[in-house]
Amino acid sequence: MAYDERLARFRQAHLNPFNKAPEQGERPDGGDPDPARRPDPSPGDPEGTLDLGLAEDHFSRPVGLILASDVQQLRQAIEECKRAILALPEHSERQKDAVVRLIHLRLKLQELKDPGEDEPNIRVVLEHRFYKEKSKSVKQMCDKCSTIIWGLIQTWYTCTGCYYRCHSKCLPLVSKPCVRAKVSHQAEYQLSICPESGLDSQDYRCAECRAPVSLRGVPSEARQCDYTGLYYCSSCHWNDLAVVPARAIHNWDFEPRKVSRCSMRYLALMVSRPVLKLREINPLLFNYVEELVEIRKLRQDILLMKPYFITCKEAMEARLLLQLQDRQHFVENDEMYSLQDLIDIEAGRLSCSLTEIHTLFAKHIKLDCERCQAKGFVCELCKEGDVLFPFDSHTSVCTDCSAVFHRDCYYDNSTTCPKCARLSLRKQSLFQDSGTEADP
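If you number the sequence shown the way this note's numbering does, the last residue is 449 and the count never jumps.
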């Protein structure tokens with residue numbers, strides 16, 4: 010009996026908060042009512058909220074994590090936890106515990122909304138080729154719904170072409186085709202500086218998802234893309250920064266500007282593509298940017314060195330031309346530039362790296378390789394001096410026969426080229442010989 014009495018006394022001192030509340034005027038221990046005793050907490054009171062499962066005791070775990078088994082119950086528990094956080098004192102331990110509880114409730118809700126069922130590893134949607142990600146990082150954002158991707162509990166995909174990221178549940182809602190397809194079919198830049206046409210031309214809707222937008226932020230803020238000049242909603246324009254090609258070419262301005270998500274992905278895929286012919290787009294740029302003149306001369310010299318390497322066994326074995334594997338267009342022409350080339354020129358990186366490669370190539374031809382040295386020229390005008398090469402700074406090359414002369418000698422005798430004259434005489438003699446054989 011002593012044990013039963015102690016157990017009853019213990020139960021009276023530790024009431025279960027989910028039991029029926031005592032009647033008015035009745036004390037929990039069965040004694041007389043105490044008028045000074047605080048009344049029972051109301052549903053909106055933080056004390057009452059925490060007692061209903063948001064504060065742990067020694068006998069029960071939080072209701073939000075155990076008893077809430079569906080989405081509706083979890084949402085109710087989240088709302089109660091929010092009210093408790095606002096009502097509790099700032100920076101108190103109880104408020105910190107309530108914040109931690111809120112995080113667990115939201116994770117549980119997200120887990121119920123996006124179950125971890127088996128998903129295919131590859132999904133193809135609107136030319137996107139989505140691959141299932143195995144990373145558990147939580148620092149990614151969904152490009153479709155603009156919310157965090159919880160890699161620990163959610164399945165998410167990345168497009169291998171344009172790096173578009175989204176939840177598995179957002180895949181059926183993707184409406185924008187892969188930017189990689191546009192780059193493959195139409196690899197060219199918008200070369201007008203922010204061609205703004207106004208919100209009225211867009212019918213006051215986002216240029217991508219067609220959601221209503223306004224400059225006043227009602228119902229959604231209109232954000233302008235500095236590349237296209239169009240306006241986008243906050244879900245399609247995250248204030249990403251990128252160098253705008255039109256500003257770089259026309260104003261030599263490389264300050265990053267705010268662009269939409271679609272423009273940012275397009276510019277990222279196009280940044281290394283040599284599609285800019287500067288001498289046609291803005292020929293005056295070479296008069297004001299000295300680095301461009303230097304780079305053009307280095308590129309012209311490299312093109313003159315290329316025939317030596319193609320016919321040299323040692324150069325092919327050493328793969329010297331692979332020094333420019335990141336900029337293959339430098340060994341194809343001297344006119345086309347990529348946006349990354351211009352960025353590196355403005356930063357001073359390209360001039361240094363290209364000068365080192367130029368020095369390496371010249372050293373192989375003029376010093377290291379006997380075969381390449383044997384392909385040099387002797388000035389036929391003065392017949393003096395060292396062996397000449399077409400990429401030397403003090404030489405000139407005949408445009409007709411590609412013979413190499415000293416620059417001063419060539420300009421003093423510009424009307425006559427000994428090699429051209431010799432080739433002309435040879436052709437005439439061959440023509441005369443063939444005519445003599447044709448006579449009976």
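By construction, the Cβ of each residue, glycine as well, lies at the ideal position given by its N, Cα and C atoms.
Treat the numbers as computed from the prediction; the structure is a model and nothing was measured.
Residue closest to Thr164, alpha-carbon to alpha-carbon, out of Leu182, Lys141, Ser184 and Cys154: The sequence position of residue 164 within the sequence shown is 155, counting from 1. Of Leu182, Lys141, Ser184 and Cys154, the residue nearest in Cα terms is Lys141.
Reference Met150, options Tyr173, Leu307 and Asn130, closest by Cα: Taking the first residue of the sequence shown as 1, we reach residue 150 at position 141. Comparing Cα-Cα distances from Met150 to each of Tyr173, Leu307 and Asn130, the minimum goes to Tyr173.
Close-in-space but distant-in-sequence residues of the same chain around Ile198 (CB under 6 Å, 5 per side omitted): Taking the first residue of the sequence shown as position 1, residue 198 is located at position 189. The question names Ile, but residue 198 is Tyr in the sequence shown. Hits under 6 Å: Pro254.
Coil, strand or helix - Ile319 by DSSP: Along the sequence shown, one-based indexing puts residue 319 at 310. The answer is helix: DSSP assigns Ile319 an H, G or I state.
Among Gly170, Leu333, Trp159 and Tyr419, the one whose alpha carbon lies nearest that of His176: For the purposes of this step, residue 176 is taken as the residue at position 167 of the sequence shown. If we check each option's Cα against that of His176, Trp159 comes out closest.
Enclosing alpha helix (DSSP H) for Ala255 [first to last residue]: For the purposes of this step, residue 255 is taken as residue 246 along the sequence shown, with counting starting at 1. Start and end: Pro254 to Asn260.
Proximity winner among Ala196, Pro181, Tyr420 and Tyr236, relative to Asp249 (alpha-carbon distances): Here the question's residue 249 lines up with position 240 in the sequence shown. Taking only the C-alpha atoms, the option nearest Asp249 is Tyr236.
For Cys90, three-class secondary structure by DSSP: By one-based count along the sequence shown, residue 90 stands at place 81. Three-state DSSP puts Cys90 in a helix.
Residues sharing a beta bridge with Gln233, DSSP: The count along the sequence shown starts at 1 and reaches residue 233 at position 224. Under DSSP, Gln233 takes part in a beta bridge, and its partners are Tyr240.
Reduced DSSP category for Pro221 - H, G, I as helix; E, B as strand; rest coil: Along the sequence shown, one-based indexing puts residue 221 at 212. Looking at Pro221 - three-state DSSP - the assignment turns out to be strand.
Beta-carbon separation (whole angstroms), Pro265 vs Tyr346, contact threshold 8 Å: Residue 265 sits at position 256 when you count from the first residue of the sequence shown. Residue 346 sits at position 337 when you count from the first residue of the sequence shown. Actually they do not touch by this definition, with Cβ atoms about 19 Å apart.
Euclidean distance between Cα positions of Val268 and Ala251: Here residue 268 refers to the residue found at position 259 of the sequence shown. Here residue 251 refers to the residue found at position 242 of the sequence shown. Spanning the two alpha carbons is a distance of roughly 7 Å.
Identified DSSP bridge partners for Thr425: Residue numbering aside, residue 425 sits at position 416 when the sequence shown is read from its first letter. Partner(s): none; Thr425 has no beta bridge.
Neighbourhood of Arg189 by C-beta distance below 7 Å, restricted to the same chain and skipping five residues each side: Taking the sequence shown and counting its residues from 1, one reaches residue 189 at position 180. Only Gly170, Cys171 and Leu278 meet the Cβ criterion.
Pairwise C-alpha distance: Tyr317 and Arg132: Translated into positions along the sequence shown, residue 132 becomes position 123. Translated into positions along the sequence shown, residue 317 becomes position 308. So the alpha carbons of these two residues sit roughly 48 Å apart.
Burial state of Val156, where buried means 16 or more other Cβ atoms lie within 10 Å: Here residue 156 refers to the residue found at position 147 of the sequence shown. A small correction: the amino acid at residue 156 is Thr; Val does not occupy that position in the sequence shown. Its Cβ having fewer than 16 others within 10 Å, Thr156 is exposed.
Proximity winner among Cys168, Glu102, Arg435 and Glu379, relative to Glu323 (alpha-carbon distances): The count along the sequence shown starts at 1 and reaches residue 323 at position 314. Here the closest residue by C-alpha is Glu379.
Bridge partners - Phe414, DSSP secondary structure assignment: As a first step, residue 414 must be located in the sequence shown, where it is residue number 405. Ser405.
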